[in-house]
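Colleague: Residue numbers (our numbering), protein chains in the order written: chain A, 58 to 308; chain B, 157 to 460; chain C, 469 to 772. All residues carry an ideal CB built from backbone N, CA and C; glycine is no exception. Remember, predicted model here, so these are calculated numbers, not experimental data.
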Amino acid sequence: MLKVKDLQKKFGNLRALDGVSIEVEADSVVGLIGPNGSGKSTLFNVVSGFYEKDGGEVYFKGERIDGLTPDAIAKKGLCRTFQIAKAPERLTVLENMLLAAEGQVAENPISALFARRRIARVERKNLEKAMDLLEILKLTELMNEYAGDLSGGQKKLLSLGRVFMRNPDMILLDEPTAGVNPTLTTQLIKVIRELQKKEHKSVLIIEHSMKVISSICDKVFVLNYGQVIAEGTPEEIQKNDKVLEAYLGGV
Amino acid sequence: MEIVQIIINSLIRASELSLLALGLTMVFDILKFANFAHTDYALLGAFLAYSFSQALGLPLIVSVMIAAGLTGLFGIGIDKVLYKRLRTIGVQPVSLMIVSMGVEIALRNILRLIWSSETKTYPIAVVKPLEILGARITMLQLEIITVGFLSMVAFHILLHKTTFGKALRAISDNRALASACAIDSEKMIRWMWFIASAYGVIGGTMIAMEHVLYPRLGFNILIPVFCAAILGGIGNPYGAVLGALILAFAENVVLALDLKWLLNLGGLFHFESIQINTGYKPAVSFLILILVLLFKPTGLLRKE
Amino acid sequence: MTIVNFLIYFLIMVGIYALLAMSLNLQVGYAGLINFGQVVFFCIGAYTSSLLATKTGLPLLFCFLLAMIVSGFFGYVMSIPTKSLKSDYWAIATLAAAEVFRLVALNEGWLTGGPFGVMSIPQPLRFLFSMENYPLFYLFLVTLCVIIVFFALALITDSPFGRDLKAIREEEDLCLSLGKNTRKLKLEAMVVGGMVGGLAGALFAHYVTFISPENFWPIETFLLWAMIIVGGRGNHAGAILGAALIQIFNVSTRFIGEYVSLGSDSMASLRMVIIGFLIIIFVSYRPEGIIKEKKKVYDPRNIR
Numbered sequence: 058m059l060k061v062k063d064l065q066k067k068f069g070n071l072r073a074l075d076g077v078s079i080e081v082e083a084d085s086v087v088g089l090i091g092p093n094g095s096g097k098s099t100l101f102n103v104v105s106g107f108y109e110k111d112g113g114e115v116y117f118k119g120e121r122i123d124g125l126t127p128d129a130i131a132k133k134g135l136c137r138t139f140q141i142a143k144a145p146e147r148l149t150v151l152e153n154m155l156l157a158a159e160g161q162v163a164e165n166p167i168s169a170l171f172a173r174r175r176i177a178r179v180e181r182k183n184l185e186k187a188m189d190l191l192e193i194l195k196l197t198e199l200m201n202e203y204a205g206d207l208s209g210g211q212k213k214l215l216s217l218g219r220v221f222m223r224n225p226d227m228i229l230l231d232e233p234t235a236g237v238n239p240t241l242t243t244q245l246i247k248v249i250r251e252l253q254k255k256e257h258k259s260v261l262i263i264e265h266s267m268k269v270i271s272s273i274c275d276k277v278f279v280l281n282y283g284q285v286i287a288e289g290t291p292e293e294i295q296k297n298d299k300v301l302e303a304y305l306g307g308v
Numbered sequence: 157m158e159i160v161q162i163i164i165n166s167l168i169r170a171s172e173l174s175l176l177a178l179g180l181t182m183v184f185d186i187l188k189f190a191n192f193a194h195t196d197y198a199l200l201g202a203f204l205a206y207s208f209s210q211a212l213g214l215p216l217i218v219s220v221m222i223a224a225g226l227t228g229l230f231g232i233g234i235d236k237v238l239y240k241r242l243r244t245i246g247v248q249p250v251s252l253m254i255v256s257m258g259v260e261i262a263l264r265n266i267l268r269l270i271w272s273s274e275t276k277t278y279p280i281a282v283v284k285p286l287e288i289l290g291a292r293i294t295m296l297q298l299e300i301i302t303v304g305f306l307s308m309v310a311f312h313i314l315l316h317k318t319t320f321g322k323a324l325r326a327i328s329d330n331r332a333l334a335s336a337c338a339i340d341s342e343k344m345i346r347w348m349w350f351i352a353s354a355y356g357v358i359g360g361t362m363i364a365m366e367h368v369l370y371p372r373l374g375f376n377i378l379i380p381v382f383c384a385a386i387l388g389g390i391g392n393p394y395g396a397v398l399g400a401l402i403l404a405f406a407e408n409v410v411l412a413l414d415l416k417w418l419l420n421l422g423g424l425f426h427f428e429s430i431q432i433n434t435g436y437k438p439a440v441s442f443l444i445l446i447l448v449l450l451f452k453p454t455g456l457l458r459k460e
Numbered sequence: 469m470t471i472v473n474f475l476i477y478f479l480i481m482v483g484i485y486a487l488l489a490m491s492l493n494l495q496v497g498y499a500g501l502i503n504f505g506q507v508v509f510f511c512i513g514a515y516t517s518s519l520l521a522t523k524t525g526l527p528l529l530f531c532f533l534l535a536m537i538v539s540g541f542f543g544y545v546m547s548i549p550t551k552s553l554k555s556d557y558w559a560i561a562t563l564a565a566a567e568v569f570r571l572v573a574l575n576e577g578w579l580t581g582g583p584f585g586v587m588s589i590p591q592p593l594r595f596l597f598s599m600e601n602y603p604l605f606y607l608f609l610v611t612l613c614v615i616i617v618f619f620a621l622a623l624i625t626d627s628p629f630g631r632d633l634k635a636i637r638e639e640e641d642l643c644l645s646l647g648k649n650t651r652k653l654k655l656e657a658m659v660v661g662g663m664v665g666g667l668a669g670a671l672f673a674h675y676v677t678f679i680s681p682e683n684f685w686p687i688e689t690f691l692l693w694a695m696i697i698v699g700g701r702g703n704h705a706g707a708i709l710g711a712a713l714i715q716i717f718n719v720s721t722r723f724i725g726e727y728v729s730l731g732s733d734s735m736a737s738l739r740m741v742i743i744g745f746l747i748i749i750f751v752s753y754r755p756e757g758i759i760k761e762k763k764k765v766y767d768p769r770n771i772r
């Protein structure tokens, strides 16, 4: 599904990504872990087109996507969330969900003027879908609140909700459970898992919690100093000496 | 126009612009907003200097010094009343920029209210210009270049030898780190406003001395000053000087240029001498600004 | 001038400025594009339509349409650098671009009449009305335009397109991550804004029948900013309210000016000082303006 080959990214003298190669198979959940500053978020930013790479290749569904703009990559069906959840302040929770919906009409002034019927029809369909998702995410009560007034955890949930509205083939999740309470975290993992089972989405997920990783990931990559230092199933990774060293060395 | 004359005129213009661009680039870098009222602060100082020398009969140089100091305090005062509050409640820099636009409008018209829109000239004796290699330069212009150069040297020393300068550079590099190192950034910001405004006054007064003083002058030089600061690279004081130099040369060269050669395509046509209408002089900086923003918005010199 | 005639003149001006303010509000209040050169649309619209009418004798309806098209096209041109520029840089660039246009109008006398401007601009359907009744008809025409534009913009902003614009205003990266072509969306907002601004320009030119570069100083842009800041950004009613309030303020100070022994120059400065303060106070203490942006509330019972 996603294939990253020898990716390079430098910030001045710092090699944030130093030849990273990873592969995410279709229909799988893959974890990405590593100490702070190991290059996880940079990898996301380069893959999703927000940063320009300094070398290497990225393939998505067999197509080369490095060098494309973020919106073009998202349109191809590769969607991401942000580490610090973004939430347009003066759009309500429901508007946020609608904003992300796939297959919208009238995203230009001409059809906004002349395709009112179609807009109403599509909006209605999207609203129903949004309400279902909000229920799962336990945000129904907040549907008419401004997203700017939500707590950090709620914003995280909302960003997941948006990605599900968008319905891409593959999702990059940047610390989806950070700041979310434990009960909800369990719920979230279940949602991601179910969604993956039902709709066969691929997921690449940055996480700090090993518990989350071992409960949903089929495979894990470990980054340190911009390089992949280990890969394998969550069980293998937990026993890997190099990984332990990277984490303890970081402390 | 002779080459030597172009060089001299450009140096004069560059001295004036760079003093103004310095302050603008500092504020832009540290507080992250474009201060649209910057050149109006300078004009406030220029008017004060005019009044001191006229009403109190002080020597011009003393008047300018006092005016620069007072305007520096004015800069701090405005920051205290307006920008500091907005900074602390964490509004976006864009709002600060819009507020500064309000300050620009209000201040420019306060100047007009107090000193009226009539043009004013400083009490400077008219002396026969000197001749250097066939080019003319007045004593005043010579002084402008000297003062401009000395002010730059002073700024360089300020930036590298004083605690303020070091702290300022630290804040510019990394604000979080600077505050972790117990640098009192609010105090530094006050000093920065003082220096930015005072330097602006020197630059603004020089422009007004060389031509005439009127309230709209501040707005008229706003874009050239922005242009110099952005061309040099925001946050780099040396860039501001370089930007001012390039812009000054461009303004003088473009207008002196004879487009005959270009239009005749090396002999294909036979146009008479064609020069760009002097009415377009202000447009030179506008166009350079737009081109820089389009093709190299980071400017020529990076932040150190 | 009788009071009725004056009232009609005043209302026509409110209408024209309401159009300009709605156009600016679409860019600033919805898409978050800090346009400091809004007057350029006014200028281009006015010159395009009046030059076409006086030089080619084209039917006025086409002059109006072409004014909107040319102005909309310039909106497109202005939107090009939004991709690479931070909002304050873009704001400065728009200010400069508007000044370039004013300079062109001032210097290209063969086309624009230079400082003398364009005179005897024909008025639409003038022959149908008597001298006294014509302003009334024009008021009707302007009001019609305001109503049409108001509803058209309301439809545009109350649609997925409008939602996208608001999202761009607050979190552009998020929009990109959701596959929105933000550049195209901004472009479309600028084109629509440009067309409405151009319409206002044409309406103005054919009403006053004489335009010159004097009508298009940057201060017009800042008046429009005062209108949307006071009235409220992010809703079209706020823009109209702001236009009306600022115009009432302008006119009333003009009346007061007749009874106060301040010169007209001082009175004009005082007026602008207050406008400046209004901008500062509103942005600092009531950034949402008088009419707050409306929250779109859905009733859960209606969804299923």
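Quick check: the Cα distance between Phe619 (chain C) and Ser645 (chain C), rounded to an integer number of angstroms?
Modeller: 31 Å
Colleague: Is Tyr370 (chain B) close to chain C? Criterion is C-beta to C-beta, closer than 9 Å.
Modeller: no
Colleague: According to the Cβ coordinates, are Pro768 (chain C) and Pro681 (chain C) closer than 9 Å?
Modeller: no
Colleague: May I have the straight-line CA-CA distance separating Tyr108 (chain A) from Asn102 (chain A), to the nearest angstrom?
Modeller: 5 Å
Colleague: Against Gly513 (chain C), what residues of chain A qualify as contacts under a CB-to-CB distance less than 9 Å, listed in chain order?
Modeller: Those within 9 Å of Gly513 (chain C) in chain A number zero; the least Cβ separation is about 18 Å.
Colleague: Checking contacts by CB at 9 Å: is Leu686 (chain C) closer than that to chain A?
Modeller: According to the sequence shown, residue 686 (chain C) is Pro rather than Leu. It does not: the Cβ of Pro686 (chain C) has no partner Cβ on chain A nearer than 9 Å.
Colleague: According to the neighbour-count rule (16 or more other Cβ atoms, all chains shown, within 10 Å of its Cβ), is Lys213 (chain A) buried or exposed?
Modeller: buried
Colleague: Whose Cβ in chain A lies nearer than 7 Å to the Cβ of Ile624 (chain C)?
Modeller: Pro166, Ala169 and Leu170
Colleague: Using C-beta distances below 8 Å, list every residue in its chain close to Leu579 (chain C), excluding the 5 sequence neighbours before and after it, in chain order.
Modeller: Correct list, in chain order: Leu519.
Colleague: For the segment 162-220 of chain A, list the alpha helix (DSSP H) runs that are entirely contained and at least 4 residues long, ordered along the chain.
Modeller: 166-171 and 173-193
Colleague: What does Gly757 (chain C) reach in chain B if we use C-beta pairs closer than 7 Å?
Modeller: Near Gly757 (chain C) there are no residues of chain B at all, since even the closest Cβ is about 12 Å away, more than 7 Å.
Colleague: Excluding the five sequence neighbours on either side, which residues of its own chain have a C-beta within less than 6 Å of the C-beta of Val308 (chain A), listed in chain order?
Modeller: Reliability fails at Val308 (chain A), whose pLDDT of 45 lies under 50, so the model's placement of it is uncertain and no value is given.
Colleague: What is the DSSP secondary structure of Ser105 (chain A), counted as helix, strand or coil?
Modeller: coil
Colleague: Tell me which same chain residues have a C-beta within less than 7 Å of the C-beta of Glu158 (chain B), skipping the five on either side of it?
Modeller: Gly290 and Ala291
Colleague: Return the bridge partner residues of Ile288 (chain B) from the DSSP annotation.
Modeller: B:Ala291
Colleague: Classify Ala231 (chain A) as buried or exposed, calling it buried when 16 or more other Cβ atoms lie within 10 Å of its own Cβ.
Modeller: Ala is not the amino acid found at residue 231 (chain A); the sequence shown has Asp there. So Asp231 (chain A) ends up on the buried side.
Colleague: If we cut at 9 Å on Cβ distances, does Ala235 (chain A) have a partner in chain C?
Modeller: no
Colleague: Measuring CB to CB, does Glu146 (chain A) end up less than 9 Å from Arg223 (chain A)?
Modeller: no
Colleague: Please classify Lys763 (chain C) as buried or exposed, where buried requires at least 16 other C-beta atoms within 10 Å of its C-beta.
Modeller: exposed
Colleague: Which chain C residues are close to Cys136 (chain A), counting only those with a beta carbon under 9 Å from its beta carbon?
Modeller: Within 9 Å Cβ-Cβ: Ser645, Leu646 and Gly647.
Colleague: Among residues of its own chain, excluding the 5 on either side of Ser98 (chain A), which ones have a beta-carbon nearer than 8 Å to its beta-carbon?
Modeller: Around Ser98 (chain A): Gln140, Asp231 and Ile263.
Colleague: Run down chain C in chain order and give the residues with a C-beta less than 9 Å from the C-beta of Val255 (chain B).
Modeller: Here the neighbours are Ile747, Ile748, Val751 and Ser752.
Colleague: When the Cα atoms are used, what is the spatial distance from Val283 (chain B) to Leu413 (chain B)?
Modeller: 29 Å
Colleague: Does Val765 (chain C) pass the burial test, meaning 16 or more other C-beta atoms within 10 Å, or should it be called exposed?
Modeller: exposed
Colleague: Use the C-beta contact count for Ser256 (chain B): other C-beta atoms within 10 angstroms, 16 or more gives buried, fewer gives exposed.
Modeller: Counting Cβ neighbours within 10 Å, Ser256 (chain B) comes out buried, since at least 16 surround it.
Colleague: Going straight from the alpha carbon of Met536 (chain C) to that of Thr562 (chain C), what length do you get?
Modeller: 19 Å
Colleague: On the three-state DSSP scale, how would you describe Gly395 (chain B)?
Modeller: helix
Colleague: Since Arg121 (chain A) sits in a beta bridge, which residues does DSSP pair it with?
Modeller: A:Tyr116
Colleague: Quick one: residues in its chain with C-beta nearer than 6 Å to the C-beta of Val115 (chain A), no 5 flanking neighbours on either side, listed in chain order?
Modeller: Val61, Val104, Ile122 and Asp123
Colleague: So who's on the other strand from Lys762 (chain C), going by DSSP bridges?
Modeller: Beta-bridge pairing links Lys762 (chain C) to no other residue.
Colleague: Does Cys274 (chain A) come out as helix, strand or coil in the three-state DSSP assignment?
Modeller: Here DSSP, grouped into helix, strand and coil, assigns Cys274 (chain A) to coil.
Colleague: Can you give the Cα-Cα distance for Ile502 (chain C) and Phe569 (chain C), rounded to whole angstroms?
Modeller: Annotation: Ile502 (chain C) to Phe569 (chain C) spans about 19 Å, alpha carbon to alpha carbon.
Colleague: Three Cβ pairs or more, each shorter than 8 Å: is that satisfied between the segment 118-137 of chain A and the segment 647-654 of chain C?
Modeller: yes
Colleague: Once DSSP output is grouped into helix, strand and coil, what is the label at Ser627 (chain C)?
Modeller: coil
Colleague: Does the beta carbon of Asp128 (chain A) come closer than 9 Å to any beta carbon on chain C?
Modeller: yes
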